[in-house]
Amino acid sequence: MFHRQKRSRALILALLCVSVFAPVVFISTKILDFTPSLEKEEFFDDSSGIVRSFSPPKLSADSLKVNSIEEDLGHGLKEPEGFVFKDKDFHNIGISGNASAVNPPTLDGKLNAGVQNRNGVGRELQKQNGSASVGDRVEGLANGSTVEQKNKRQPPPVIDEKVKTMEDMLIMAKAYLHFAPASSNSRLVRELKLRIKEIERVVSQANKDSDLSRSALQKMKAMEVSLSKASKAYPDCSAMASKLRAMMYNNEEQLRAQKGQVSYLTQLAARTFPKGLHCLSMKLTSEYFSLQFEEREFPRRQNVQNLNLNHYAIFSDNILACAVVVNSTVSTSKEPEKNVFHVVTDSVNFPAMMMWFLLNPPGQATVHIQNFEDFKWLPSDYNSMLKQQGLRDPRFSSPLNHLRFYLPEIFPYLNKILLLDHDVVVQRDLRGLWNLDLKGKVNGAVDICRGESSHRLETLVNFSDPIIAKNFHPKKCIWAFGMNMFDLQAWRRHGLSRVYNKWLQLGKRRQLWKAGSLPLGQLIFYNQTVALGRQWHVLGLGLDSIIGKSEIERASVIHYDGNLKPWLDIAIGKYKNYWTKFLDYDKPYFQQCNIHG
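Residues 531 to 1127, numbered by the numbering used here, are exactly what the sequence shown covers, in order.
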């Protein structure tokens, strides 16, 4: 009995052991079967069984980044896969510290595939989130940042595209308005007029797109709608093209007329003698005639014919202009006592010119003033000889403008003389000009071609005339009047004063050149001119404002050629100080005549 009970207990214990250890063995076997597949990183695409029910443990974002770095370091830098998402895709992606929280519904396939790879989860999620791992950042720096390279290749943005579009809309809207009858007051016409006013107001206040407010953009859209309506109401393209051509022609005509008016007014202002200068001339003339005869003489009269001195010729009827030329030359000269200024003027301005330099002597320099009407050798009809038919501007036919062609006759006692126009300013010592070798020629001047076809002889002279075509070359370079060194002995040898008289008579019978003395001078001194360095003479300060400051300050002489003279109100402001600094505006006569710098 005892033995039977003992066997029963052993059987129960055996069954109990089997019931306890059998599940353990079974589960251990299954675990051993599944572990190799994890170690080998095998991926199953089967949708059933244990693989489908298996879920990997959740990993934090930090652990994923570390795994990603380890993979990059183990296998080298790899270029990330090029997933490209649109803006709307990024709004669906949630960012969390838990990797499983990133699961946009539109990217299930990509994310599920990434989740099955433990080490690839971090890289895949970083791709989806638009953030790069450390390895990717290193690769981006090594490749020079592809995004930055693309940005560099992009053209610069257009900053006024919308403004220009609005301007085009204005043109179209005005063109459509022309299709409507003059008496029309339809809804579309009223709408277009309103839109035109709105857009004109916007365009007048904006230079670039960033200046446009939200309301301005709304007005632009409203104009688009109105133009769309107008295009349906007036669909005839040929009529529209004709209307646009007519509008363009009218605008060009208006522009041409306005330019002509501006040119006329500028010419009128240039010919007008300023009231202040007229007042100054009257006061000086009155003072001059109150002097005794012995008080009207300049000192150092013996220097007038001294061939060892530097002689300057100035032809002028403008007291202030002449004063600036003399003052600027003396102030920049290293030997002012060797300068002799020969001023030639007319009988009206002779007393005032004399009185000015008696009151304001130019230091140690010598002044000699002459009245050209006292030249007995001039033809009695000289003034009428200079007049040309149809020429309104008296400056071009002024005797003072043409007397430069009689320099040997005016100064028979001189061998060399430097001609300075009265609208120049001297900025450097000019003694070097008297040492120039003119190579037996008459004129030393700066040429103004600079490779431009607009500064050739053909632009000043009529080469359709056979006499001109026979004696001159149309592409000959033009030289400048205003600062010219003349060899008077060579002038006399070549008889150029007779050449001047011959061409002057020919020019009266037919149109051979443009108005003024410059074209005539090109003919008289043809092949008798030596080109000087450009730094001696810079022109254009009375024509335009494009001459640079450095070029002006390097020049020995600057020239206000053109209509915008520095003593006029129409002068170019930024160039005026080079001229006004040589006048003392505190003088009583200037105050009385309201002359200011």
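Even glycine gets a Cβ: it sits at the ideal position worked out from N, Cα and C.
From what residue to what residue does the beta strand (DSSP E) around residue i run?
| i | result |
| --- | --- |
| Val955 | 954-956 |
| Ala710 | Taken as a continuous stretch (DSSP letters only), Ala710 belongs to no beta strand (DSSP E), as it is neither H nor E. |
| Asn869 | 869-875 |
In this structure, how does DSSP classify residue i when only helix, strand and coil are distinguished?
| i | result |
| --- | --- |
| Gly660 | With a pLDDT of only 43 at Gly660, under the threshold of 50, the placement of this residue in the model should not be trusted, and no figure is reported. |
| Val792 | helix |
| Tyr943 | coil |
| Asn737 | coil |
| Asn913 | helix |
| Leu742 | coil |
| Leu908 | coil |
| Leu821 | coil |
| Leu837 | coil |
| Ala853 | helix |
| Gly1127 | coil |
Looking at residue i: is its Cβ nearer than 9 Å to the Cβ of residue j?
| i | j | result |
| --- | --- | --- |
| Leu1073 | Tyr1108 | no |
| Ile844 | Phe871 | yes |
| Arg1064 | Val976 | yes |
| Met885 | Leu814 | yes |
| His932 | Leu1050 | yes |
| Pro938 | Arg1022 | yes |
| Ala752 | Glu728 | yes |
| Met770 | Tyr779 | no |
| Asn1093 | Lys805 | no |
| Gln1052 | Ile1008 | yes |
| Leu990 | Lys1005 | no |
| Leu966 | Leu1062 | yes |
| Val834 | Ser846 | no |
| Leu1026 | Phe935 | yes |
| Thr695 | Met777 | no |
| Val693 | Val733 | yes |
| Ala851 | Phe887 | no |
| Gln857 | Thr896 | Contrary to the premise, residue 857 reads as Asn rather than Gln in this sequence. For Asn857 and Thr896, no; Cβs fall outside 9 Å. |
| Thr862 | Arg958 | yes |
| Leu968 | Met1013 | no |
The alpha helix (DSSP H) with residue i in it runs from where to where?
| i | result |
| --- | --- |
| Asn1001 | 996-1001 |
| Leu889 | 880-889 |
| Ile689 | Neither: Ile689 is in no alpha helix (DSSP H) and is coded neither H nor E. |
| Gln900 | Taken as a continuous stretch (DSSP letters only), Gln900 belongs to no alpha helix (DSSP H), being part of the beta strand (DSSP E) at 896-901. |
| Asn840 | Counting along the chain, Asn840 falls outside any alpha helix (DSSP H), though it belongs to the beta strand (DSSP E) covering 840-845. |
| His932 | 929-932 |
| Phe1120 | 1118-1122 |
Hey, out of the options, whose CA is closest to residue i's CA?
| i | options | result |
| --- | --- | --- |
| Val956 | Asp995, Pro866, Tyr936 | Pro866 |
| Gln1121 | Cys809, Ser756, Asn890 | Cys809 |
| Ser816 | Pro881, Phe709, Glu1081 | Pro881 |
| His898 | Ser914, Leu916, Asn890, Val874 | Val874 |
| Ile997 | Gln1041, Trp1066, Asn781, Ala787 | Gln1041 |
| Ser928 | Phe709, Pro909, Gly1046, Ala705 | Gly1046 |
| Phe709 | Arg717, Leu1094, Leu742, Ala760 | Ala760 |
| Val892 | Pro909, Lys805, Pro829 | The question names Val, yet the displayed sequence has Pro at residue 892. Considering only alpha carbons, the answer is Pro829. |
| Lys864 | Arg961, Leu1113, Met1015 | Arg961 |
| Tyr1119 | Tyr842, Glu824, Ser811, Lys692 | Ser811 |
| Asn973 | Leu1018, Asn965, Phe1002 | Leu1018 |
| His841 | Lys1000, Gln1052, Asn945, Ser1075 | Asn945 |
| Lys1106 | Lys1117, Asp1116, Tyr818, Ser1075 | Ser1075 |
| Leu821 | Ser877, Asp959, Leu889 | Leu889 |
| Arg775 | Met702, Phe935, Met1015, Leu1098 | Met702 |
| Val1068 | Pro942, Ser793, Asn781, Leu950 | Leu950 |
| Asn1001 | Leu839, Ile1054, Glu824 | Ile1054 |
| Ala705 | Leu916, Leu757, Leu908 | Leu757 |
| Arg1137 | Met915, Phe905, Met883, Asp739 | No statement about residue 1137 is possible, as the shown extent of the chain runs from 531 to 1127 and does not include it. |
| Asn992 | Cys979, Ile1082, Lys1044 | Lys1044 |
| Thr859 | Val1087, Ser768, Arg539, Ala544 | Val1087 |
| Asp904 | Gln894, Ile940, Met883 | Ile940 |
Nearest chain B C-beta to residue i closer than 9 Å, yes or no?
| i | result |
| --- | --- |
| Leu960 | In the structure shown, chain B cannot be found, because there is only a single protein chain. |
Contiguous alpha helix (DSSP H) assignments of at least 4 residues, all confined to the stretch 1047-1114: Here the runs fully enclosed are 1047-1054, 1079-1084, 1103-1110.
Quick one: complete alpha helix (DSSP H) runs, 4+ long, within the stretch 960-1045? DSSP runs (the alpha helix (DSSP H)) wholly in the stretch 960-1045: 996-1001, 1018-1024, 1026-1039.
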